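Shown next, in structure tokens, is the structure this report addresses.
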Amino acid sequence: MWKLKRTTTCGDLRASDVGKTVVLNGWVDARRDFGSLVFVDLRDRYGKTQILFSPDRDRAVHDLAAKLRGETVIAVKGVVRKRDADTINRKIATGEIEIDALELEVINEAKTPPFEIGDRVNVSEEMRLQHRFLDLRRPAMQRNIVTRHKIVQTIREYMDASGFIDIETPYMVKFTPGGARNFVCPSRLYPGKFFALAESPQIFKQLFMVSGLDKYYQIARCFRDEDLRADRQMEFTQLDIEMSFVQREDVMEAVEGAVAAVWKRLLGIDLPMPFARMSYDESERDYGTDKPDLRFGLKICDVSELVKDAEFKVFSETVKKGGVVRGLVAPGGGVFSRKEIEGLETYCKGIGAKGMVSLKIEPGWKAGGPSAKFFPEALVRALVERTGAKEGDLMLFIADEEEKAASVLGGLRLALRDKLKLVKDDVYRFCWVLDFPMFEVSEEGKVGAKHHPFTSPMDEYLDILEKEPMKVRAKAYDLVLNGVELGGGSIRIHQRELQQRIFKLLGLTEDYARDRFGFLLDAFEFGAPPHGGIALGIDRLAMLILGLDNIRDVITFPKTQSTVDLMTGAPGTITEKMMKELHIRVVE
RNA sequence: GGGGGUGUAGCUCAAUUGGCUAGAGCGCCAGCUUGUCACGCUGGAGGUUGCGGGUUCGAACCCCGUCACCCUCGCCA
Numbered sequence: 016m017w018k019l020k021r022t023t024t025c026g027d028l029r030a031s032d033v034g035k036t037v038v039l040n041g042w043v044d045a046r047r048d049f050g051s052l053v054f055v056d057l058r059d060r061y062g063k064t065q066i067l068f069s070p071d072r073d074r075a076v077h078d079l080a081a082k083l084r085g086e087t088v089i090a091v092k093g094v095v096r097k098r099d100a101d102t103i104n105r106k107i108a109t110g111e112i113e114i115d116a117l118e119l120e121v122i123n124e125a126k127t128p129p130f131e132i133g134d135r136v137n138v139s140e141e142m143r144l145q146h147r148f149l150d151l152r153r154p155a156m157q158r159n160i161v162t163r164h165k166i167v168q169t170i171r172e173y174m175d176a177s178g179f180i181d182i183e184t185p186y187m188v189k190f191t192p193g194g195a196r197n198f199v200c201p202s203r204l205y206p207g208k209f210f211a212l213a214e215s216p217q218i219f220k221q222l223f224m225v226s227g228l229d230k231y232y233q234i235a236r237c238f239r240d241e242d243l244r245a246d247r248q249m250e251f252t253q254l255d256i257e258m259s260f261v262q263r264e265d266v267m268e269a270v271e272g273a274v275a276a277v278w279k280r281l282l283g284i285d286l287p288m289p290f291a292r293m294s295y296d297e298s299e300r301d302y303g304t305d306k307p308d309l310r311f312g313l314k315i316c317d318v319s320e321l322v323k324d325a326e327f328k329v330f331s332e333t334v335k336k337g338g339v340v341r342g343l344v345a346p347g348g349g350v351f352s353r354k355e356i357e358g359l360e361t362y363c364k365g366i367g368a369k370g371m372v373s374l375k376i377e378p379g380w381k382a383g384g385p386s387a388k389f390f391p392e393a394l395v396r397a398l399v400e401r402t403g404a405k406e407g408d409l410m411l412f413i414a415d416e417e418e419k420a421a422s423v424l425g426g427l428r429l430a431l432r433d434k435l436k437l438v439k440d441d442v443y444r445f446c447w448v449l450d451f452p453m454f455e456v457s458e459e460g461k462v463g464a465k466h467h468p469f470t471s472p473m474d475e476y477l478d479i480l481e482k483e484p485m486k487v488r489a490k491a492y493d494l495v496l497n498g499v500e501l502g503g504g505s506i507r508i509h510q511r512e513l514q515q516r517i518f519k520l521l522g523l524t525e526d527y528a529r530d531r532f533g534f535l536l537d538a539f540e541f542g543a544p545p546h547g548g549i550a551l552g553i554d555r556l557a558m559l560i561l562g563l564d565n566i567r568d569v570i571t572f573p574k575t576q577s578t579v580d581l582m583t584g585a586p587g588t589i590t591e592k593m594m595k596e597l598h599i600r601v602v603e
């Protein structure tokens, strides 16, 4: 039990509080010992306050303070005192005052921490995750957590004000095929049967619409047993939304409002509305991806038509075989060394390219580089005109089948963004990507849903659904920010017959579809309204607002890339007894 | 499962072509210090160079294997 309970925090006191007797609680951030005078910076979530321990005031208190170590939890009672003009610390909010200590209580001593608690030292992430409770004591991490709180708070206020209601859905659900792998939970009551952790609240929120609850939202945790990335954790948080009697513009408008409210509150920025819109085809063609980074140019150009009869066989043969030749311009890339250009080609090969052709633009429509001799002046002139290249630039071309050329150039475009430092901080370019294909073909040739199987096809494609499924476009939309997919959604199917047609196209037998989704199909027969929604990644949103490149810094206890919690050691084994009770056995 | 990067003191890093007792800053310990605020000064302790094996007169450095962390492809409807 400790005696001195705080009357204020370490971030509150100002010159106007001079003369007050206060009690502060907190952690020793630093101690500066002058033999006689001892200064202690006391820290809590709200800030830092300097405490002065003078031997003239109380010898015993001073001597105790001289022995304080970093991170010890203490309580100090003292008088707020104005600092002399030349000893004011402009770097901290409480820098005009200090506490003249009368009493000191050591509440809990601390061992020397494995790393310094502060923002100025770079500590390896491994070390931080192992001692996350100390890492979270650092001001930078506290700022991330508070920002995340403010984002969620702003969203909740906005959603409530817009008539949305926060409704919870189960996390323990029935396994659903397709999509992300589920985590599975055995139950002692059902041998051989398993719950699954929800990969998303998708079906439940659709059923809310059937129930007439309309305008649903939830800040929901989702669980997916897939490999991790810088922007992916096995459990993550979504802003999940579903609305009835809407078309896609209605959903997009609602999301834009919520996002704009967040940007206004957190960054003071008025986002231009509505956000940019782009079709999936346009995005793939111009940016080589379905999540374009619009903060810089470097659009991809198709030059197939210009080179189809060229002497340069790599180009002409590719076009004759039905492929394409596309390229982009690296501004000022004429100065790249041969090694740098080779580096770019290696990068392209790493993401699936057969090769990369580069042409420097030299004075007088001349081309430079190893392949230059194959490019007569007229062709160079045409290429330059088509791509908009200028003297001193470097044109980079990929010849391949269309999809491959697009994706390689999409990657190359981002590599050039980083290499040439083409984007500034604090620029936010939102974009909706629309008109996604309904289906995609996996490597094994299986037809799968591009978004998910509940997405509605666009009306004009209903007739060719079975005949030419790959031509069908969906009423789906993705929200993209600076090349990061923030979220996606769609107008859903609300008729049993259409839903069954889609299941069938995806290769689900009627029996299987009924077993897994029977309740949904049934629901559609009891008066299902047209509805649609979206889900946005809250972790990614927080990451982008904070200018971070890693989702783990906005999650309190994240897993490593190998899905391990370095602090708790999870996952761990369970006892034989538990396994028996759960009717499960480990098989090698 | 594939590709790439990293691993040296408590922490962050250095160590020339394979060659001196493996160093520095911070932190830690002791002492000095009445206006510091990343205090300063003096001294000190601290190393299985991730782990295992190999090559060599000699390995932090080269080779093989392995582990951990990071980035990435596949995967993430």
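Numbers given in this note's numbering equal positions in the first sequence, counted from 1, plus 15.
A virtual CB, placed ideally from N, CA and C, is assigned to each residue, including glycine.
Keep in mind that this is a model prediction, so the values were computed, not measured.
- request: Give the single residue among Thr578, Ile599, Arg292 and Ile356 whose Cα lies nearest to the Cα of Leu144.
  value: As a working mapping, residue 144 is identified with position 129 in the first sequence. With distances taken between CA atoms, Leu144 lies nearest to Thr578 out of Thr578, Ile599, Arg292 and Ile356.
message: Could you check whether Glu455 and Gly463 sit closer than 7 Å to each other, using their CB atoms as the reference points?
response: Residue numbering aside, residue 463 sits at position 448 when the first sequence is read from its first letter. Residue numbering aside, residue 455 sits at position 440 when the first sequence is read from its first letter. Yes, the pair counts as a contact, with Cβ atoms nearer than the cut-off.
- prompt: Roughly how many whole angstroms lie between the Cα atoms of Pro192 and Pro468?
  reply: Numbered from 1 along the first sequence, position 177 holds the residue referred to as residue 192. Numbered from 1 along the first sequence, position 453 holds the residue referred to as residue 468. A straight line joining the alpha-carbon of Pro192 with that of Pro468 spans about 10 Å.
- prompt: If Ile166 and Ala557 are in contact, beta carbons under 8 Å, what's the gap, nearest whole angstrom?
  reply: By 1-based counting over the first sequence, the position of residue 166 is 151. By 1-based counting over the first sequence, the position of residue 557 is 542. Going by Cβ atoms, the distance from Ile166 to Ala557 rounds to 6 Å, so yes, they are a contact pair.
- prompt: Under the rule that 16 or more other beta-carbon atoms within 10 Å means buried, what is Cys200, buried or exposed?
  reply: As a working mapping, residue 200 is identified with position 185 in the first sequence. Exposed, by the Cβ-count rule.
- prompt: Which class does Ala213 belong to by DSSP, given the choice of helix, strand or coil?
  reply: Here the question's residue 213 lines up with position 198 in the first sequence. Reduced to three states, the DSSP call for Ala213 is coil.
- request: Would you mind stating whether Tyr186 and Ala211 have Cβ atoms separated by less than 7 Å?
  value: Position 171 of the first sequence holds residue 186. Position 196 of the first sequence holds residue 211. Result no, Cβ atoms of Tyr186 and Ala211 do not sit closer than 7 Å.
- prompt: In chain order, what residues of the same chain lie with their CB nearer than 6 Å to the CB of Glu360, ignoring the 5 residues before and after it?
  reply: As a position in the first sequence, residue 360 is number 345, starting the count at 1. Spatial neighbours of Glu360 in its own chain (CB-CB distance under 6 Å, excluding positions within 5 residues in sequence) are listed in chain order as Met371.
message: Measuring straight from C-alpha to C-alpha, what distance separates Tyr527 and Gly498?
response: Residue numbering aside, residue 527 sits at position 512 when the first sequence is read from its first letter. Residue numbering aside, residue 498 sits at position 483 when the first sequence is read from its first letter. Rounded to the nearest angstrom, the two C-alpha atoms are 38 Å apart.
message: With H, G and I counted as helix, E and B as strand and the rest as coil, what does DSSP make of Cys363?
response: Locating residue 363 in the first sequence gives position 348, where the first residue counts as 1. Helix at Cys363.
- request: Only counting runs of 3 or more residues, tell me where the beta strand (DSSP E) segments fall wholly within the segment 96-164, in order along the chain.
  value: Within the segment 96-164, the beta strand (DSSP E) runs of at least 3 residues that lie entirely inside it are, in chain order, 112-123.
- request: Assign Phe68 to buried or exposed, taking buried as 16 or more other Cβ atoms, counted over all protein chains shown, within 10 Å of its Cβ.
  value: Locating residue 68 in the first sequence gives position 53, counting from the first residue. Result: buried.
field: Spatial distance of Asp242 from Phe190 (CA atoms)
entry: As a working mapping, residue 242 is identified with position 227 in the first sequence. As a working mapping, residue 190 is identified with position 175 in the first sequence. Their Cα atoms are separated by approximately 19 Å.
task: Could you have a look at Phe534 and say whether DSSP puts it in helix, strand or coil?
output: Translated into positions along the first sequence, residue 534 becomes position 519. It is helical.
field: Continuous alpha helix (DSSP H) stretch holding Asn333: start and end
entry: Against the first sequence, residue 333 aligns to sequence position 318. The sequence given here has Thr at residue 333, not Asn. Judged by DSSP secondary structure, Thr333 falls within the alpha helix (DSSP H) whose first and last residues are Lys328 to Lys335.
task: Give me the Cα-Cα distance between Arg46 and Met249, rounded to the nearest whole angstrom.
output: For the purposes of this step, residue 46 is taken as the residue at position 31 of the first sequence. For the purposes of this step, residue 249 is taken as the residue at position 234 of the first sequence. Taking the straight line joining both Cα atoms gives about 41 Å.
message: For a test of the three-state rule: what should DSSP assign to Arg60, helix, strand or coil?
response: Locating residue 60 in the first sequence gives position 45, where the first residue counts as 1. Coil at Arg60, not helix or strand.
- prompt: Sorted by chain position, which residues of the same chain lie with C-beta nearer than 6 Å to Gly93's C-beta, five sequence neighbours on each side aside?
  reply: Mapped onto the first sequence, residue 93 falls at position 78. Non-local C-beta neighbours of Gly93 in its own chain, meaning closer than 6 Å and more than five positions away in sequence, comprise Ile114, Asp115, Ala116 and Leu117, ordered along the chain.
task: Reducing DSSP to helix, strand and coil, say where Pro484 ends up.
output: Counted from its first residue, the first sequence places residue 484 at position 469. Taken through DSSP and simplified to helix, strand or coil, Pro484 comes out as helix.
message: On a Cα-Cα basis, can you pick out the residue from Glu326, Phe223 and Leu343 that is closest to Glu392?
response: For the purposes of this step, residue 392 is taken as residue 377 along the first sequence, with counting starting at 1. Restricting attention to Glu326, Phe223 and Leu343, the CA atom closest to the CA of Glu392 is found in Glu326.
Residues near Asn159 in its chain [Cβ-Cβ closer than 8 Å; skip 5 each side]: Working through the first sequence from its first residue, we reach residue 159 at position 144. If the five residues before and after Asn159 are omitted, its C-beta is found closer than 8 Å to the C-beta atoms of Ala557, Leu561, Leu563, Asp568 and Val569, all from its own chain and listed in chain order.
message: I'd like to check one pair, Ala368 with Val6: are the Cβ atoms closer than 7 Å?
response: Residue 6 cannot be examined here, being either before or after the span of the chain that is shown, 16 to 603.
- prompt: Is it a yes or a no for the segment 18-29 touching the segment 48-67, going by three-plus beta-carbon pairs under 8 Å?
  reply: With a cut-off of 8 Å on Cβ pairs, the segment 18-29 is in contact with the segment 48-67, counting three or more such pairs.
- prompt: Helix, strand or coil: how does DSSP classify Met249 here?
  reply: As a first step, residue 249 is located in the first sequence; it is residue number 234 there, counting from the start. In the structure shown, Met249 sits in coil (DSSP, three-state: anything other than H, G, I, E or B).
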